[in-house]
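Take a look at the structure set out below.
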RNA sequence: GGGCUCUUAGCUCAGUUGGUUCAGAGCACCUGCCUUACAAGCAGGGGGUCAAUGGUUCGAAUCCAUUAGGGCCCACCA
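In my numbering, the protein residues as written are 6 to 896.
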């Protein structure tokens with residue numbers, strides 16, 4: 006058969022993926038005879054689509070899981086999706102709006118119906134896309150963070166944490182997204198790069214019963230009507246006499262105290278700060294310290310309410326009022342000017358609207374105590390972060406861990422299982438079901454007549470991370486009734502969890518180290534006493550060549566599926582991995598994908614060569630012994646390197662080592678060594694061993710390029726039953742001869758020198774050359790003599806006792822080589838080059854001698870190092886001798 | 001502002017406890033080749049004061065200090 010010179014992935018990839026699925030190779034069950042190796046996927050947003058970050062992340066996971074599978078481990082990669090409450094809800098709201106439906110017109114149940122429909126329609130598209138990449142997930146285990154069992158687990162944990170005292174309801178300053186009508190976590194608040202232009206307005210406040218006034222500076226004059234104090238620094242000589250007096254709020258003349266607080270900086274603004282505890286986190290803190298009144302003048306939709314006491318302002322948006330109040334202050338003669346300044350303004354990640362600091366009752370998890378073990382686990386390398394530099398970051402975060410606000414004013418998500426039976430601050434109970442809640446409420450209130458109808462469930466849902474932090478536990482149904490008791494998951498009860506947990510490696514982005522990774526570790530220890538994974542591999546961010554983050558809005562992100570269609574999944578996978586050391590950003594360049602494609606093509610053509618060879622069993626194959634012995638050693642040496650790279654999670658390096666083994670060593674050297682002349686046959690033994698080498702290298706490559714390697718594996722042998730590369734055995738490292746590698750190195754150097762001479766003298770490759778060597782031991786070239794002759798196209802390679810006239814020469818390891826040249830040799834040029842080398846070697850010798858004559862070096866340096874220096878000296882001396890003799894004879 | 005971290009070839013990066021293999025790899029670049037596996041290729045080649053300065057040492061890309069310039073995390077100024 007004749008095969009195309011170009012490898013065509015499109016016809017191959019779907020075929021093998023389907024067969025792997027049909028054969029059930031991705032599926033895993035606990036198997037006590039095998040060592041488990043499990044990975045849980047960082048669940049992507051259920052309605053998301055694949056982007057370049059996913060490609061990198063999932064390629065790495067697939068590489069790890071495929072290698073483990075080949076190593077005979079029970080490999081289990083659990084896929085899943087995250088309900089991603091705020092992101093998904095935002096999408097659903099947008100979709101409804103486009104249909105002309107407002108969320109506010111819907112009931113909670115109606116909205117959720119739309120949301121579930123949306124999820125059914127678009128959910129899991131991303132998982133289908135991962136299949137194109139070749140991801141060998143156990144699809145039968147696909148989990149969704151709002152599956153029934155998962156939902157229950159999240160609720161169960163909420164109740165459990167409440168009962169353990171880790172969970173509390175508290176008044177806190179939260180970030181309020183006026184448009185989405187929800188709180189957003191600090192992490193979801195973004196600040197524009199370089200800040201935003203704003204104005205600082207100076208406003209005069211009258212001091213009560215006095216002619217004096219103070220001028221404050223504010224960028225939010227619309228909050229003036231919520232002021233409950235003026236603060237000055239107690240050390241500020243300008244103002245400290247005012248402390249204890251009262252000031253009057255402009256327009257409404259409400260009396261507010263003047264207080265002293267170190268928070269106020271002497272040299273910013275006017276040195277006087279208006280304090281509005283309801284609308285600024287710092288002011289709130291000051292308010293707590295000084296027992297200030299809290300006057301909340303802004304509604305949830307961003308309009309002012311009647312508490313501002315100015316009827317004309319009520320019901321109008323805060324930004325509109327800002328403009329209005331500036332005019333009014335100016336008109337009243339108390340606007341003392343303004344100045345431009347650049348400040349950071351928090352904006353909601355989802356809606357880009359300016360976030361409003363707002364006091365509100367929220368649910369919090371007290372993190373200090375519960376996170377203690379998780380903190381220690383990473384510090385003591387119980388859980389190992391790769392690269393290790395993230396340990397510091399982790400430590401810093403854990404030392405300053407803040408309580409976690411877990412409530413969100415959304416509908417899409419697990420609804421908080423708190424039930425209110427009255428208006429009092431403590432008139433609520435927390436329970437997994439409303440029936441239990443009734444019982445609890447009857448007890449707590451002492452009112453036995455309470456029924457379900459008297460209970461009102463909390464309207465809020467839980468933060469997405471409050472469900473995904475249970476992922477490694479709940480994908481194995483850890484919180485099921487059967488296994489969960491007294492706030493712990495029982496050991497020895499859940500076969501799956503006992504087998505697969507702790508999982509092996511987590512592969513994720515550093516940006517969610519705290520949101521997700523740290524919290525999974527916390528939950529792991531809290532509920533099983535064990536870590537959720539042994540290693541955490543943190544990938545970089547995929548950026549474009551200008552180092553810009555890839556994003557939809559910039560339009561600099563290619564569609565991964567287009568790339569796969571164009572280049573094949575294998576090419577995209579290797580392209581992503583060529584340049585992505587752990588923790589370093591990946592600068593995406595389509596050239597890298599091309600390099601991956603070219604690599605596939607290279608292997609494909611190597612296969613075309615080998616499969617085309619006719620066998621002639623009358624041939625001895627004796628000439629190929631050296632080549633075979635050498636490649637065998639080279640393979641084992643490289644395998645050792647690759648294993649070491651994997652152990653250190655240097656995936657790029659593991660790929661590069663494999664790449665070089667295949668391209669340089671196998672194709673450029675080995676195949677060229679054994680390749681018969683055109684249309685000539687090869688001996689059976691050589692072909693057989695070559696095919697076995699080929700099999701070994703495709704096995705080594707399989708985790709990186711699963712499709713082409715399966716195709717070649719199938720072509721290379723007569724495969725029956727379940728004989729697929731995906732479950733073939735990973736090559737085992739064997740001992741190898743370092744000597745033969747050294748011998749080959751020398752042979753390669755000789756070949757390189759001959760080829761170099763050829764290039765320099767413009768001698769065609771077809772033209773055979775003679776090579777003579779002046780040596781005391783020609784025997785050392787014996788084993789590679791044939792290889793040297795073949796690869797440098799020599800008509801003869803033999804020893805000589807004399808210097809050869811009319812030749813080009815070079816010196817290696819004290820032996821002088823001559824290539825007699827037919828035409829006139831430019832002796833001056835030859836001499837010049839030789840002189841150059843002589844001068845260099847003399848300089849080198851001098852530095853080595855200097856080192857060796859330094860007594861302190863000889864005394865202090867390890868013996869080994871000194872011996873090496875001596876050897877260097879001897880080699881250089883020998884070389885100089887040869888060169889000098891040669892030059893002398895030329896003169 | 002606090003903490004962490006980085007700066008090595010044109011680009012992206014290796015370089016473990018200072019000493020064989022220390023100045024490397026891939027890509028890019030230059031030269032010559034359509035040589036019947038592969039031009040998505042073959043053969044060869046050039047290229048770096050290891051950010052700067054000072055120190056420790058027999059010896060520094062590697063350890064220390066200072067400086068300059070990046071990056072990340074945290075906290076943030078009304």
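Every residue, glycine too, gets a C-beta built ideally from N, C-alpha and C.
None of these values were measured; they are calculated from a predicted model.
Alpha carbon of residue i to alpha carbon of residue j, nearest angstrom
i, j, result
"residue 324", "residue 224", "11 Å"
"residue 500", "residue 33", "13 Å"
"residue 125", "residue 483", "26 Å"
"residue 737", "residue 697", "14 Å"
"residue 661", "residue 271", "59 Å"
"residue 168", "residue 369", "13 Å"
"residue 478", "residue 542", "19 Å"
"residue 669", "residue 608", "11 Å"
"residue 146", "residue 480", "8 Å"
"residue 652", "residue 808", "52 Å"
"residue 84", "residue 186", "32 Å"
"residue 90", "residue 374", "27 Å"
"residue 656", "residue 180", "40 Å"
"residue 345", "residue 188", "30 Å"
"residue 598", "residue 12", "15 Å"
"residue 262", "residue 234", "5 Å"
"residue 46", "residue 82", "7 Å"
"residue 290", "residue 440", "40 Å"
"residue 54", "residue 705", "31 Å"
Closer than 7 Å: residue i CB and nearest the ligand COA heavy atom
i, result
"residue 141", "For the structure depicted, the ligand COA is absent and the ligand set is empty, with no information on it obtainable."
Beta-bridge partners of residue i, as assigned by DSSP
i, result
"residue 709", "Paired residue(s): none; residue 709 is not in a bridge."
"residue 803", "777"
"residue 195", "352"
"residue 367", "175"
"residue 93", "The partner list for residue 93 (beta bridge, DSSP) is empty, contrary to what the question assumes."
"residue 552", "Paired residue(s): none; residue 552 is not in a bridge."
"residue 814", "823"
"residue 188", "181"
"residue 838", "Answer is none; residue 838 lacks a bridge partner."
"residue 223", "206"
"residue 265", "237"
"residue 695", "Answer is none; residue 695 lacks a bridge partner."
"residue 86", "149"
Outcome for residue i when other beta-carbon atoms lying within 10 angstroms are tallied against a minimum of 16
i, result
"residue 774", "buried"
"residue 348", "exposed"
"residue 707", "buried"
"residue 911", "Lying before the first or after the last residue shown, residue 911 is absent from the chain, which here runs from 6 to 896."
"residue 525", "buried"
"residue 886", "exposed"
"residue 455", "buried"
"residue 815", "buried"
"residue 583", "buried"
"residue 515", "buried"
Assumed close pair residue i, residue j - CB separation to whole angstroms, cut-off 8 Å
i, j, result
"residue 509", "residue 476", "In fact, because the Cβ distance is near 15 Å, the residues do not count as touching under 8 Å."
"residue 624", "residue 643", "Actually they do not touch by this definition, with Cβ atoms about 29 Å apart."
"residue 407", "residue 372", "7 Å"
"residue 712", "residue 35", "About 29 Å; that fails the 8 Å criterion."
"residue 166", "residue 366", "Rounded, the Cβ-Cβ distance is 17 Å, inconsistent with contact."
"residue 615", "residue 695", "6 Å"
"residue 184", "residue 358", "4 Å"
"residue 434", "residue 446", "5 Å"
- [ ] Quick one: which unbroken beta strand (DSSP E) runs of 3-plus residues sit fully inside the segment 397 to 466? Chain order, please.
- [x] 423 to 425, 433 to 435
Task: Residue ranges of each alpha helix (DSSP H) within the segment 590 to 633, 4 or longer - done: 595 to 616
TODO: Would you mind listing the beta strand (DSSP E) stretches within the segment 14 to 56 that are 3+ residues and don't spill past its ends, in chain order?
DONE: 41 to 45
Open item on the list: Just to confirm the assignment: which complete alpha helix (DSSP H) runs, minimum length 4, are found wholly within the segment 453 to 535?
Closed with: 470 to 473, 476 to 479, 500 to 505, 524 to 533
TODO: Please list the segments of the beta strand (DSSP E) lying wholly inside the segment 270 to 315, counting only runs of 3 or more residues, in order along the chain.
DONE: 277 to 280
Open item on the list: As an exercise, report each continuous alpha helix (DSSP H) stretch of at least 4 residues that is fully enclosed by the segment 103 to 129, in chain order.
Closed with: 113 to 127
- [ ] At 4 residues or longer, and completely inside the segment 732 to 799: list those alpha helix (DSSP H) runs for me, N to C.
- [x] 743 to 766, 790 to 796
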